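Numbering (the working numbering), first residue to last: 6 to 236. C-beta atoms are modelled at their ideal positions from N, C-alpha and C, and glycine is treated no differently. No experiment lies behind these values; they were computed from the predicted model shown.
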Amino acid sequence: MTGELPSSIIASISFIGRGGGTVKTLEGFRKGHHTVPDAANAVTNAFLGKICERELAASAEKLFQDTRTRLGYKRKDVSLTVAGATAVLTAKDFTVEISYALDDAAPARYVVTTVLRDLRDGDLAQRDEFAACFAGKFTELAFALRKGAKVESIVDVIENLDGEGGLTVTYPSDCRECVIAVEGVDAKVRCTGAALEMVFPRAGAPHELMAAFAAVRGAFAVTRELAGLLG
């Protein structure tokens, strides 16, 4: 799949998943000894990195073992490093980063972000074994646009369609971004100018997100301007 994406337009692709919980439920949090953070900053996030060690190590090790066994990787094909609040799994065909951080808006909670990037083999994402490694993991699909796009121009094109092609658009007054709805696609498409992001209501495996992207790409073919956005 990624091999079919135009490299002249799309610089990179990332699959993103988010989770989290309350700081005091982490195994490393000691009631009566530790206090729940009331702000998110370098010091409190360093504290989080210490108390989330067990959860991060366990989830990263599980991913390592799933990847190794399901995809048939040998020792030299995949490695795992865990440091502070971040774990990075580096495989010959892709990279996964798992990171913990305090929620800026509610520092008594933490957010876990999982990012799959540098997928070098598009066919791999279609395999059942790959889907099993990442089932229910991702809710966002992000494309970095190599040349960028003008949000105002995208808005104008879609508004001029008057609903043709099942496309509608919403945007703030400053047009810093726009959100495109595609009829029949259960995801919102957000364009910031520098990136195109698809946000899904439910988590899925990479091939499920890419199937929805294919539908969006087909819908964008209604005009030359939109088609050019995705190649």
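Under a Cβ-count criterion, where at least 16 other Cβ atoms within 10 Å of its own Cβ denotes burial, should residue i be classed as buried or exposed?
i: ALA45; result: buried
i: PRO42; result: buried
i: GLU164; result: exposed
i: LYS142; result: buried
i: GLY37; result: exposed
i: GLU202; result: buried
i: VAL221; result: buried
i: GLY8; result: Model confidence at GLY8 stands at a pLDDT of 43, short of 50, so the residue's coordinates are unreliable and nothing is read from them.
i: ALA140; result: exposed
i: GLY22; result: buried
i: MET6; result: Because the pLDDT of MET6 is 46, which lies under 50, any placement of that residue in the model is unreliable, and the number read from its coordinates should be weighed accordingly. That one is buried.
i: ALA226; result: exposed
i: SER19; result: buried
Report the rounded CA-to-CA distance for residue i versus residue j, giving the unit in angstroms.
i: ASP108; j: ARG114; result: 6 angstroms
i: VAL93; j: GLY77; result: 19 angstroms
i: ASN50; j: ARG207; result: 28 angstroms
i: GLY26; j: PHE205; result: 20 angstroms
i: LYS155; j: GLY33; result: 47 angstroms
i: GLU230; j: THR100; result: 33 angstroms
i: CYS183; j: LYS79; result: 44 angstroms
i: LEU129; j: ALA186; result: 29 angstroms
i: TYR176; j: ALA147; result: 19 angstroms
Please name the residue or residues paired with residue i in a DSSP beta bridge.
i: HIS39; result: LYS36
i: ARG23; result: THR118
i: PHE143; result: GLY209
i: THR100; result: THR95 and ARG122
i: VAL87; result: ALA92
Provide the residue span of the beta strand (DSSP E) that contains residue i, from first to last.
i: ARG207; result: 200-209
i: LEU76; result: Counting along the chain, LEU76 falls outside any beta strand (DSSP E), and DSSP gives it neither H nor E.
Go to residue i, then tell me how far its alpha helix (DSSP H) extends in each direction, as first and last residue.
i: ALA186; result: Unbroken run through ALA186 is the beta strand (DSSP E), 183-187; no alpha helix (DSSP H).
i: LYS193; result: Per DSSP, LYS193 belongs to no alpha helix (DSSP H); it is in the beta strand (DSSP E), 193-196.
What is the C-beta distance between residue i and residue j, in whole angstroms, given that I count them as a contact (C-beta under 8 angstroms)?
i: ALA224; j: GLY153; result: No, ALA224 and GLY153 are not in contact; Cβ-Cβ is about 21 angstroms, not under 8 angstroms.
i: ALA16; j: ALA149; result: 4 angstroms
i: THR95; j: SER84; result: 5 angstroms
For residue i, verify whether its CB is less than 8 angstroms away from any heavy atom of the ligand COA.
i: HIS39; result: As presented, the structure is devoid of all ligands, the ligand COA included, so that no description of it is given.
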